[in-house]
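Working notes, beginning with the structure itself.
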Ligand code: OSB
Ligand code: MG
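In our numbering, the protein residues as written are 11 to 386.
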């Protein structure tokens, strides 16, 4: 039984080691929403809401999530006894549209509470079988193909198992071709357009077919499945959907319509672990590979991604780079590391498997809010 006594929300600011440009915007300072959930059994866990600074990826931002959690989500869960963390998503979704990342921050924390209560690593609680996660890097848009090639070459040297190249009109085919030519036929390359194209660009995008990419991620609009189906019919390269998959139902629609052949699962985007596991299981039954995407999480959010990616059908490398790819210093100990392109799934301790450096978090905190069940 899980019964939340309190939810402490904190915004921290964490500068990225280098700015990151995608087709829809650039970020250099991450504003991160960390949550501390305390359960009536005495367990306290940390979780992360992965909403971005601006509504350029999904409609949510850290500021909308702050309101959603404090005004609507906390009152709905605090003091309410929940038998299983898999029940939380339905509780939060009833007559409450959207705000998936805000909901996921709380929902995932409740899975971590269940793991602590059971004395199990989070990965084991959900039935994960992998002990290591194959790791990919997501490379931002560079000014020139040569600059991109340098970054991609360094990534391959570091052992990454997948190199994702962000693309947009004006920085696409020539950039990816340069990477393919310089890095060779075996290099595991893919592209991510973050919605930068329309069906008018089919001929142009079809030029990527010659470059033997693992996949092209979310070329068309964030909420589109119909046009992606048309595009997939005209491309050999598998389409992978990210933004468009916001629930199990959208994954089923993708399969029905043929809108893509691979799914990037981000637990925040779909509303938490419950929907993530449901999408994973559906895809496994239908031969659709999945992998775990990233949102420049701190080490806290990364713990949840790593646990999720330990499930059997996460067969493609995830965007779960080690802490040093993002930050001078992470907020967890131990920091996340990569060895030969693999990140270890923590299996020693119950829960998320890393400890939060609370003093450091205190120093980085710019605002706090505590919501409590009545009487706590
Ligand atoms: O499209 O996958 C994306 C980061 C922010 C918003 C959208 C995306 C990304 C990434 C980052 O690609 C991947 C990572 O966290 O390493
Ligand atoms: Mg993406």
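For every residue, glycine included, the Cβ atom is placed at its ideal position computed from N, Cα and C.
For residue i, is the classification buried or exposed, using 16 other Cβ atoms within 10 angstroms of its Cβ as the cut-off for buried?
{"i": "residue 25", "result": "exposed"}
{"i": "residue 85", "result": "exposed"}
{"i": "residue 96", "result": "buried"}
{"i": "residue 153", "result": "exposed"}
{"i": "residue 94", "result": "exposed"}
{"i": "residue 141", "result": "exposed"}
{"i": "residue 128", "result": "exposed"}
{"i": "residue 220", "result": "exposed"}
{"i": "residue 29", "result": "exposed"}
{"i": "residue 384", "result": "exposed"}
{"i": "residue 48", "result": "buried"}
{"i": "residue 126", "result": "buried"}
{"i": "residue 320", "result": "buried"}
{"i": "residue 233", "result": "exposed"}
{"i": "residue 52", "result": "exposed"}
{"i": "residue 366", "result": "buried"}
{"i": "residue 368", "result": "exposed"}
{"i": "residue 297", "result": "exposed"}
{"i": "residue 376", "result": "exposed"}
So residue i and residue j are in contact, right, with Cβ under 8 Å, and what is the actual spacing, rounded?
{"i": "residue 289", "j": "residue 258", "result": "5 Å"}
{"i": "residue 370", "j": "residue 147", "result": "The Cβ separation is near 25 Å, so there is no contact."}
{"i": "residue 330", "j": "residue 145", "result": "6 Å"}
{"i": "residue 178", "j": "residue 200", "result": "So it is not a contact: roughly 15 Å between Cβ atoms."}
{"i": "residue 327", "j": "residue 172", "result": "4 Å"}
Could you compute how far the alpha carbon of residue i sits from the alpha carbon of residue j?
{"i": "residue 8", "j": "residue 163", "result": "For residue 8 there is no data in the structure shown, the boundaries of the chain being 11 and 386."}
{"i": "residue 90", "j": "residue 379", "result": "20 Å"}
{"i": "residue 354", "j": "residue 138", "result": "13 Å"}
{"i": "residue 322", "j": "residue 302", "result": "12 Å"}
{"i": "residue 98", "j": "residue 250", "result": "28 Å"}
{"i": "residue 101", "j": "residue 82", "result": "12 Å"}
{"i": "residue 406", "j": "residue 27", "result": "Absent from the structure is residue 406, since the part of the chain shown begins at 11 and ends at 386."}
{"i": "residue 38", "j": "residue 118", "result": "26 Å"}
{"i": "residue 5", "j": "residue 166", "result": "The question about residue 5 has no answer, for the chain in this structure spans 11 to 386."}
{"i": "residue 228", "j": "residue 133", "result": "28 Å"}
{"i": "residue 269", "j": "residue 31", "result": "26 Å"}
{"i": "residue 21", "j": "residue 246", "result": "43 Å"}
{"i": "residue 260", "j": "residue 346", "result": "32 Å"}
{"i": "residue 187", "j": "residue 124", "result": "47 Å"}
{"i": "residue 19", "j": "residue 66", "result": "23 Å"}
{"i": "residue 156", "j": "residue 189", "result": "8 Å"}
{"i": "residue 36", "j": "residue 70", "result": "16 Å"}
{"i": "residue 304", "j": "residue 11", "result": "30 Å"}
{"i": "residue 359", "j": "residue 122", "result": "12 Å"}
{"i": "residue 41", "j": "residue 372", "result": "14 Å"}
{"i": "residue 404", "j": "residue 160", "result": "A question about residue 404 goes unanswered here, because the residues of the chain that appear run from 11 up to 386."}
{"i": "residue 325", "j": "residue 198", "result": "14 Å"}
{"i": "residue 415", "j": "residue 112", "result": "Missing from the structure shown is residue 415; the chain here goes from 11 to 386 and no further."}
{"i": "residue 170", "j": "residue 352", "result": "8 Å"}
{"i": "residue 131", "j": "residue 68", "result": "30 Å"}
{"i": "residue 300", "j": "residue 293", "result": "7 Å"}
{"i": "residue 381", "j": "residue 116", "result": "12 Å"}
{"i": "residue 285", "j": "residue 120", "result": "14 Å"}
{"i": "residue 79", "j": "residue 386", "result": "18 Å"}
Kindly indicate which residue of the options has the alpha-carbon position closest to the one of residue i.
{"i": "residue 230", "options": "220, 246, 211", "result": "211"}
{"i": "residue 76", "options": "187, 185, 45", "result": "45"}
{"i": "residue 273", "options": "254, 53, 31, 266", "result": "254"}
{"i": "residue 344", "options": "324, 328, 313", "result": "313"}
{"i": "residue 202", "options": "31, 174, 245, 120", "result": "174"}
{"i": "residue 244", "options": "383, 376, 217, 325", "result": "217"}
{"i": "residue 185", "options": "151, 70, 51, 214", "result": "151"}
{"i": "residue 236", "options": "194, 213, 263", "result": "263"}
{"i": "residue 282", "options": "358, 356, 198, 103", "result": "103"}
{"i": "residue 240", "options": "181, 356, 295, 271", "result": "271"}
{"i": "residue 265", "options": "170, 295, 42", "result": "295"}
{"i": "residue 143", "options": "350, 260, 367, 53", "result": "350"}
{"i": "residue 192", "options": "13, 158, 214", "result": "158"}
{"i": "residue 195", "options": "222, 214, 320", "result": "222"}
{"i": "residue 16", "options": "366, 33, 88, 183", "result": "88"}
{"i": "residue 110", "options": "72, 183, 316, 206", "result": "72"}
{"i": "residue 214", "options": "298, 327, 356, 180", "result": "180"}
{"i": "residue 149", "options": "130, 135, 204", "result": "204"}
{"i": "residue 108", "options": "304, 256, 284, 43", "result": "256"}
{"i": "residue 287", "options": "42, 136, 169", "result": "136"}
{"i": "residue 34", "options": "206, 356, 298", "result": "206"}
{"i": "residue 92", "options": "79, 14, 80, 362", "result": "14"}
{"i": "residue 317", "options": "332, 356, 333", "result": "356"}
{"i": "residue 114", "options": "183, 315, 182", "result": "315"}
{"i": "residue 362", "options": "56, 50, 23", "result": "56"}
Hey, is residue i's beta-carbon within less than 8 Å of any beta-carbon in chain B?
{"i": "residue 283", "result": "Checking the listed chains, one finds no chain B in this structure; it contains a single protein chain."}
Say whether the segment 338-351 touches the segment 305-312, bearing in mind that this needs 3 or more beta-carbon pairs closer than 8 Å, one atom from each stretch.
The count of Cβ pairs closer than 8 Å, one atom from the segment 338-351 and one from the segment 305-312, reaches three, so the stretches are in contact.
Three CB pairs or more closer than 8 Å across the segment 272-281 and the segment 53-71
Yes: the two stretches touch, three or more of their Cβ pairs being nearer than 8 Å.
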